[in-house]
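Chains A and B, in that order, are what the protein sequence lines are.
Under the working numbering, residues 24 to 363 are what the first sequence spells out, in order.
Under the working numbering, residues 24 to 363 are what the second sequence spells out, in order.
Number of protein chains: 2
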Amino acid sequence: MKGISIKDIAKQAGVSPTTVSFVLNGKAKEKRISDQVSKKIQKIAGKLKYKPNQLARGLRTGKTKTIGLIVEDIANSFFATLAKVVEDEADKFGYKVLYGSTEDNTEKAKGLLEVLKYRQVDGYIITPTKNLDKEIEQLQSAGKPIVLVDRYFPQMPSHYVVVDNYKGAYDATAHLAAQGFQKIGIVTTTSDQVQMKDRLDGYADALKDAGITYNKTLVKKLPFDLDKDGSNEEIKKFLKTSKGLDAVFFATNYLGIRGIESIRNLEWQIGKQIGVVCFDDHDIFRLYTPAITCVAQPIQEIGQQLVNILMKELNHPSAALQQVVLPLNLILRPSSQHNG
Amino acid sequence: MKGISIKDIAKQAGVSPTTVSFVLNGKAKEKRISDQVSKKIQKIAGKLKYKPNQLARGLRTGKTKTIGLIVEDIANSFFATLAKVVEDEADKFGYKVLYGSTEDNTEKAKGLLEVLKYRQVDGYIITPTKNLDKEIEQLQSAGKPIVLVDRYFPQMPSHYVVVDNYKGAYDATAHLAAQGFQKIGIVTTTSDQVQMKDRLDGYADALKDAGITYNKTLVKKLPFDLDKDGSNEEIKKFLKTSKGLDAVFFATNYLGIRGIESIRNLEWQIGKQIGVVCFDDHDIFRLYTPAITCVAQPIQEIGQQLVNILMKELNHPSAALQQVVLPLNLILRPSSQHNG
DNA sequence: TTTTAATGTGATATGGATTACAATAATTTT
DNA sequence: AAAATTATTGTAATCCATATCACATTAAAA
Numbered sequence: 024m025k026g027i028s029i030k031d032i033a034k035q036a037g038v039s040p041t042t043v044s045f046v047l048n049g050k051a052k053e054k055r056i057s058d059q060v061s062k063k064i065q066k067i068a069g070k071l072k073y074k075p076n077q078l079a080r081g082l083r084t085g086k087t088k089t090i091g092l093i094v095e096d097i098a099n100s101f102f103a104t105l106a107k108v109v110e111d112e113a114d115k116f117g118y119k120v121l122y123g124s125t126e127d128n129t130e131k132a133k134g135l136l137e138v139l140k141y142r143q144v145d146g147y148i149i150t151p152t153k154n155l156d157k158e159i160e161q162l163q164s165a166g167k168p169i170v171l172v173d174r175y176f177p178q179m180p181s182h183y184v185v186v187d188n189y190k191g192a193y194d195a196t197a198h199l200a201a202q203g204f205q206k207i208g209i210v211t212t213t214s215d216q217v218q219m220k221d222r223l224d225g226y227a228d229a230l231k232d233a234g235i236t237y238n239k240t241l242v243k244k245l246p247f248d249l250d251k252d253g254s255n256e257e258i259k260k261f262l263k264t265s266k267g268l269d270a271v272f273f274a275t276n277y278l279g280i281r282g283i284e285s286i287r288n289l290e291w292q293i294g295k296q297i298g299v300v301c302f303d304d305h306d307i308f309r310l311y312t313p314a315i316t317c318v319a320q321p322i323q324e325i326g327q328q329l330v331n332i333l334m335k336e337l338n339h340p341s342a343a344l345q346q347v348v349l350p351l352n353l354i355l356r357p358s359s360q361h362n363g
Numbered sequence: 024m025k026g027i028s029i030k031d032i033a034k035q036a037g038v039s040p041t042t043v044s045f046v047l048n049g050k051a052k053e054k055r056i057s058d059q060v061s062k063k064i065q066k067i068a069g070k071l072k073y074k075p076n077q078l079a080r081g082l083r084t085g086k087t088k089t090i091g092l093i094v095e096d097i098a099n100s101f102f103a104t105l106a107k108v109v110e111d112e113a114d115k116f117g118y119k120v121l122y123g124s125t126e127d128n129t130e131k132a133k134g135l136l137e138v139l140k141y142r143q144v145d146g147y148i149i150t151p152t153k154n155l156d157k158e159i160e161q162l163q164s165a166g167k168p169i170v171l172v173d174r175y176f177p178q179m180p181s182h183y184v185v186v187d188n189y190k191g192a193y194d195a196t197a198h199l200a201a202q203g204f205q206k207i208g209i210v211t212t213t214s215d216q217v218q219m220k221d222r223l224d225g226y227a228d229a230l231k232d233a234g235i236t237y238n239k240t241l242v243k244k245l246p247f248d249l250d251k252d253g254s255n256e257e258i259k260k261f262l263k264t265s266k267g268l269d270a271v272f273f274a275t276n277y278l279g280i281r282g283i284e285s286i287r288n289l290e291w292q293i294g295k296q297i298g299v300v301c302f303d304d305h306d307i308f309r310l311y312t313p314a315i316t317c318v319a320q321p322i323q324e325i326g327q328q329l330v331n332i333l334m335k336e337l338n339h340p341s342a343a344l345q346q347v348v349l350p351l352n353l354i355l356r357p358s359s360q361h362n363g
């Protein structure tokens, strides 16, 4: 029932707890513990299957070997997959993960940060919400390593791993234009954070470069917390009232999923009546008929980079900012073929 | 940088740490601390924004206010959604969640249990793998509350929250039969754990009750760790070589997703050439053309029950076993309409 | 031979909260 | 007025690992 403590080992080995601690923490050489004693302690620890009490160790050292993962929504396939990668990678370093979803709500995010803070996680991987920069800066200046993901604050120095949202959106839109679509709309979120802003900019610039005039009425913004049915209504209304609209770019995976549903409700033929491209891949996009062209994020790579950067910062904090922008992959499928 | 400790409050209030502890833990009355002192302490604690150090508290009390969540695969939408519900529910009680994925691998599961154990989580929610019963029993007899989910060990007493797999599979299969399908196959996993066994039994009994002979060659079992491409090959082979097969029941959501992909690769028309029903709902099933009939799990309810039972056991351990079997909901869609 | 240095290990304080027990002051009882 | 209660609060031990400093012993250097 009770755990084996360092004292138990010390008693059995006939040495002091200090010596045991040194040996088990690999400081035997440094602290000049004799090989004899060292081996004896190792052996006893092995026999008793000693596992250090992480609470006690954490209390003393201030390190909990735990990282906090704050995502927008763990139920979203992108973040769920990311969580899995992060879990696996962190495990390689002996770290566990405490997670939380913000629902894109700043108050909820602040709450999560606070809980994680007084649970003393060693470092954070955060998908920040709007206005979370102050809290993040506070943590940073308290010496806590933080790596942002999916988005960041342009005016605030920080480590981050993001994707090239601008280019992704640009490529997606340019592709639609190249296919001959003329009136290309975008369904995005009301968020004015950098990742959405970049996507919108990419969309706008691609239009411009294709000689198509940017038309404000073809930009539909939906709030994150609008539910499925509400979104569907809004999207349907947008599609119906945008006369001549022949293609849409959905700026997130869940908007894409809702978009497909809306288009289906309207009984429009994707590919024939309306071209579709979506940001972020998803099983649905691959399997839908017709399959949906998308801009795929390298989730595996994102997760690995996140954890690697965090571990580096935990072990050898450096002044240099690690800012990674990963390329996206435009996957062509029938949904964006004109007259397909 | 440093946190506010109980000592800081004690100093400011001019009392001992003991008194502060009593007051902040709501034991003021019980320990007969005067209202005056009590209020003063509360006020100071509020002003300093005191947050107890969970490590220290955990070390002393043995309670970490953390629960371990072990799922099969956090990237799977069912488990991801469940994780979110569990997170939200646990939060209501002030608990945080440490999670891990087993990949249906017993060794990995054992590793997770061990890590969670020496991290001293207070309780567990576990999707057990095969042969994990011994480890679970050990934890139970060490007094750790455990609630199993999705599956359990029939010969081992434990708390659990599962769904009525037998009836779900029965209803799904019976529905196919009622629609006039004659040669109904099932694609399931090689797992012989109870949830899969029940699904297979439900399938078999429904066939029998419909006067259809159970045909062993119409049962295709795939190992969990077979990758997407491998599964697709196997499923295609199965579909092609089962002469006269006119409907399939996929026993898990990921098998269903792969099944749809396989059928699509074969260029068969779901609904027309082959009826399809799947266990577990998914965005894809709702949106696919034709939409896929499925047996939907009440994820919200599952998560709530899990956390509620766990909290009850954490606070007032009882001898009674909480064993919840939730009903499933057969959602009819075009994929299972004969000649549809 | 004496001093200095190296070697190997232990005693103790620390981190922060909880709790068994002790202690003091205030009140009531006899 | 002395004794017995009761009301309030404090002291110190505890959970366990770790870091600092100290100490004893032996070997090397002066």
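For glycine and all other residues, C-beta sits at the position ideal for the given N, C-alpha and C.
Bear in mind the structure is a predicted one, so any value in this text is a computation, not a measurement.
Worksheet entry | Supposed contact pair A:Q327 and A:E112 - C-beta distance, whole angstroms, cut 8 Å | Residue numbering aside, residue 112 of chain A sits at position 89 when the first sequence is read from its first letter. Residue numbering aside, residue 327 of chain A sits at position 304 when the first sequence is read from its first letter. Sure, about 6 Å apart at Cβ, within 8 Å.
7 Å CB neighbourhood of B:K231 in its chain, flanking five on each side removed:
Sequence index remark: in the second sequence, residue 231 of chain B carries index 208 (1-based). Here the set comprises Y237.
message: Quick check: is the beta carbon of B:P75 nearer than 9 Å to any beta carbon in chain A?
response: As a working note, residue 75 of chain B is residue 52 in the second sequence. Chain A, which has a Cβ nearer than 9 Å to the Cβ of B:P75, makes this yes.
| field | Straight-line Cα distance separating B:V300 from B:L199 | value | Working through the second sequence from its first residue, we reach residue 199 of chain B at position 176. Working through the second sequence from its first residue, we reach residue 300 of chain B at position 277. So the alpha carbons of these two residues sit roughly 8 Å apart.
Going by the C-beta, is B:L135 closer than 8 Å to any heavy atom of the ligand ATP?
As far as ligands go, the structure on display features none, and thus does not contain the ligand ATP.
Exercise for review: Please classify B:H305: is it buried, with 16 or more other beta-carbons within 10 angstroms of its beta-carbon, or exposed?
Suggested key: For the purposes of this step, residue 305 of chain B is identified with residue 282 of the second sequence, where counting begins at 1. The residue is buried, with at least 16 neighbouring Cβ atoms inside 10 Å.
From B:L355, B:I286, B:S44 and B:K30, residue whose alpha carbon lies closest to that of B:A201: Reading the second sequence from its first residue, position 178 is the one you call residue 201 of chain B. The option with the nearest alpha carbon to B:A201 is B:L355.
TODO: Quick one: residues in its chain with C-beta nearer than 8 Å to the C-beta of B:M24, no 5 flanking neighbours on either side, listed in chain order?
DONE: Residue mapping note: residue 24 of chain B aligns to position 1 of the second sequence, counting from 1. Here the model assigns B:M24 a pLDDT of 41, short of 50, so the residue's position is not dependable, and the following value carries that caveat. None.
Go to B:A103, then tell me how far its alpha helix (DSSP H) extends in each direction, as first and last residue.
The residue you call residue 103 of chain B lines up with position 80 of the second sequence. Note, B:A103: alpha helix (DSSP H), S100 to K115.
- Item | First and last residue of the uninterrupted alpha helix (DSSP H) at A:S254 | As a working mapping, residue 254 of chain A is identified with position 231 in the first sequence. Here the alpha helix (DSSP H) through A:S254 covers K251 to T264.
- Query: Is it true that the CB of B:Q143 sits closer than 9 Å to the CB of A:L78?
  - Reply: As a working mapping, residue 78 of chain A is identified with position 55 in the first sequence. As a working mapping, residue 143 of chain B is identified with position 120 in the second sequence. Contact flag set, yes.
- Task: Please list the partners that A:I283 has in chain B, where partner means a Cβ-to-Cβ separation under 7 Å.
- Result: Position 260 of the first sequence, counting from 1, holds the residue named residue 283 of chain A. Within 7 Å Cβ-Cβ: L310.
- [ ] Could you name the residues that DSSP lists as bridge partners for B:S124?
- [x] Counted from its first residue, the second sequence places residue 124 of chain B at position 101. Answer by DSSP bridge pairing, in chain order: B:V94.
Report yes if the CB atom of B:F45 is closer than 9 Å to the CB atom of B:K34, and no otherwise.
In the second sequence, the residue the question calls residue 45 of chain B occupies position 22. In the second sequence, the residue the question calls residue 34 of chain B occupies position 11. Not in contact: B:F45 and B:K34 (Cβ atoms no closer than 9 Å).
Original post:
Does any CB atom of chain B fall closer than 9 Å to the CB of A:R287?
Top reply: Sequence index remark: in the first sequence, residue 287 of chain A carries index 264 (1-based). Interface residue, yes.
Inset, instruction - Closer than 7 Å by beta-carbon distance: list the chain A residues that pair up with B:G81, in chain order. - result: The residue given as residue 81 of chain B occupies position 58 in the second sequence. In chain order: L78.
Exercise. Does any C-beta atom of chain B lie closer than 9 Å to the C-beta of A:D156?
Worked result: To locate residue 156 of chain A, count along the first sequence from 1; it is residue 133. Judged by the 9 Å Cβ criterion, A:D156 is not in contact with chain B.
> the stretch 115-129 of chain A: which residues have C-beta closer than 8 Å to a C-beta of chain B, in chain order?
Replying inline: K119, V120, L121, Y122, G123 and S124
Contacting residues, own chain, Cβ-Cβ under 8 Å from A:D145 (five flanking each side not counted) = What you label residue 145 of chain A is simply residue 122 of the first sequence in a count that begins at 1. Around A:D145: K86, T87, K88, T89, I90, Y118, K167, P168 and L337.
Exercise. Near B:K206, what residues of its chain come up, given a Cβ to Cβ distance below 6 Å and the 5 sequence neighbours on each side ignored?
Worked result: Numbered from 1 along the second sequence, position 183 holds the residue referred to as residue 206 of chain B. For B:K206, where only same-chain residues beyond five positions count, the Cβ hits under 6 Å are G267, L268 and D269.
Round the Cβ separation of B:N76 and B:S28 to the nearest angstrom and send it over; I've been treating them as touching at under 8 Å. As a working mapping, residue 76 of chain B is identified with position 53 in the second sequence. As a working mapping, residue 28 of chain B is identified with position 5 in the second sequence. Contact flag correct, Cβ pair sits at about 7 Å.
In chain order, which beta strand (DSSP E) runs of at least 3 residues are fully inside the stretch 188-255 of chain A? 207-212 and 242-245
Just curious, the beta strand (DSSP E) that B:L349 is in, first and last residue? For the purposes of this step, residue 349 of chain B is taken as the residue at position 326 of the second sequence. Q346 to L349 is the extent of the beta strand (DSSP E) around B:L349.
(Q) Between the alpha carbons of B:K140 and B:T84, how many angstroms are there, rounded? (A) Taking the first residue of the second sequence as 1, we reach residue 140 of chain B at position 117. Taking the first residue of the second sequence as 1, we reach residue 84 of chain B at position 61. When rounded, the distance between both Cα atoms is 15 Å.
Please name the residue, chosen from B:R281, B:F101 and B:N276, that lies closest to B:F261 on a Cα-to-Cα basis.
For the purposes of this step, residue 261 of chain B is taken as residue 238 along the second sequence, with counting starting at 1. Nearest of B:R281, B:F101 and B:N276 to B:F261, Cα basis: B:R281.
Practice item. Kindly say whether B:R356, judged by its beta-carbon, lies nearer than 9 Å to any beta-carbon of chain A. Key: Start at 1 with the first residue of the second sequence, and residue 356 of chain B comes out as number 333. No, no contact with chain A.
### Query
Where does A:A342 sit, in a helix, a strand or coil, going by DSSP?
Counting from one through the first sequence, the residue named residue 342 of chain A turns up at place 319. Here A:A342 sits in coil by DSSP.
What did DSSP end up calling A:V38 once you bin it into helix, strand or coil? To locate residue 38 of chain A, count along the first sequence from 1; it is residue 15. It is coil, neither helix nor strand.
Checklist entry - Taking three-plus beta-carbon pairs below 8 Å as touching, is the stretch 248-255 of chain B in contact with the stretch 218-226 of chain B? => result no
Practice task
State buried or exposed for A:P151, treating a residue as buried only when at least 16 other CB atoms are found within 10 Å of its CB.
Solution key: For the purposes of this step, residue 151 of chain A is identified with residue 128 of the first sequence, where counting begins at 1. Buried is the call here.
message: I want to see whether chain A comes within less than 9 Å of B:S359, judged by CB atoms only; does it?
response: By one-based count along the second sequence, residue 359 of chain B stands at place 336. Not one chain A Cβ lies under 9 Å of B:S359.
List the residues of chain B that A:R142 touches, going by C-beta distances under 7 Å, in chain order.
Sequence index remark: in the first sequence, residue 142 of chain A carries index 119 (1-based). Correct list: Q77 and K119.
- Task: Using a Cβ cut-off of 8 Å, pull out every chain A residue sitting near B:S100, in sequence order please.
- Result: Indexing the second sequence from 1 puts residue 100 of chain B at position 77. Correct list: A98, S100 and A103.
Of the choices B:Y189, B:D96 and B:I283, whose alpha-carbon is the least far from that of B:I296?
-> Locating residue 296 of chain B in the second sequence gives position 273, counting from the first residue. This sequence places Gln at residue 296 of chain B; Ile is not what is there. It is B:I283 whose Cα lies nearest to the Cα of B:Q296.
Check: chain B partners of A:V299, CB-CB under 7 Å?
Finding: Sequence index remark: in the first sequence, residue 299 of chain A carries index 276 (1-based). Correct list: empty, because the minimum Cβ distance to chain B is about 13 Å.
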